[in-house]
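Chemist: Quick one: this structure, given as structure tokens, is what I'll be asking you about.
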Ligand SMILES: C[S@@+](CC[C@H](N)C(=O)[O-])C[C@H]1O[C@@H](n2cnc3c(N)ncnc32)[C@H](O)[C@@H]1O
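Numbering (my numbering), first residue to last: 8 to 204.
Next comes the structure, spelled out in structure tokens:
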């Protein structure tokens with residue numbers, strides 16, 4: 008694999024990027040799985056976006072979502088530094104405040120309706136940790152491909168563990184066959200593989 012070259016400098020809150028091991032995992036997964044459509048929730052510094060774009064197959068599409076234009080701009084800047092063949096779409100979806108409890112804030116679902124499936128790979132790394140990433144699966148569930156792979160970053164945190172548990176309960180309730188596991192990559196990642204296909 009080529010040297011990974013799309014990590015931000017410290018001045019761009021480097022800690023907000025995915026880790027290098029997560030980027031390597033994402034690139035290896037895309038190289039093997041060849042997702043035609045990927046969704047990157049939480050553009051941030053653009054590191055996960057670059058990992059997905061760099062290994063997208065010919066004709067592949069990557070959708071990347073953030074709540075603030077400045078992070079989409081960072082994503083565009085990082086993307087311009089790498090070689091890729093993906094068709095990348097940037098979606099601005101401000102967080103909707105559902106009461107005062109930040110754990111219940113989620114991106115405005117209206118812009119997210121522009122994301123066209125079937126989604127083969129969904130990578131969830133936003134919103135920020137103290138918000139609720141659990142809304143990601145209900146939001147995209149009906150657009151997932153029959154063999155979709157879903158990844159939830161930062162699974163070592165209690166909030167993400169609770170969200171991952173709710174995802175498994177939702178799939179079970181909807182009688183959607185799947186397998187799930189916790190991977191010891193970086194800050195922990197939850198993997199769900201849909202097995203309808
Ligand atoms: C963990 S970051 C996403 C990182 C991204 N996947 C990457 O690889 O660069 C999650 C979200 O937190 C938000 N965020 C990042 N840095 C922030 C900051 N300094 N202040 C406020 N929000 C921030 C952005 O909306 C970002 O998408």
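Glycine included, each C-beta is placed from N, C-alpha and C at the ideal position.
Collect the residues with a C-beta less than 6 Å away from any heavy atom of ligand 1 and give them in sequence order along the chain.
Modeler: In chain order, the qualifying residues are 20, 23, 24, 25, 49, 50, 51, 52, 53, 54, 55, 73, 74, 75, 78, 132, 133, 134, 135.
Chemist: For the alpha helix (DSSP H) containing residue 14, list its first residue and its last residue.
Modeler: From DSSP, residue 14 is part of no alpha helix (DSSP H); its letter is neither H nor E.
Chemist: Assuming residue 98 and residue 71 are in contact, meaning their beta carbons sit under 8 Å apart, how far apart are those beta carbons, in whole angstroms?
Modeler: About 7 Å separates the two Cβ atoms, so the contact holds.
Chemist: Under the three-state reduction of DSSP, which class applies to residue 134: helix, strand or coil?
Modeler: Note: residue 134 maps to coil in three-state DSSP.
Chemist: Mapping the DSSP letters down to three states, classify residue 204 as helix, strand or coil.
Modeler: If DSSP states are grouped into helix, strand and coil, residue 204 belongs with coil.
Chemist: Are the CB atoms of residue 147 and residue 47 within a distance shorter than 7 Å?
Modeler: It is not a contact, given that the beta carbons lie outside the stated cut-off.
Chemist: Could you give the uninterrupted runs of the beta strand (DSSP E) lying entirely in the stretch 91 to 173, keeping only those of 3 residues or more?
Modeler: Within the stretch 91 to 173, the complete beta strand (DSSP E) runs of at least 3 residues are 94 to 99, 126 to 131, 151 to 160.
Chemist: Within 10 Å of its beta-carbon, does residue 39 have 16 or more other beta-carbons around it, so buried, or fewer, so exposed?
Modeler: By the 10 Å Cβ count, residue 39 comes out exposed.
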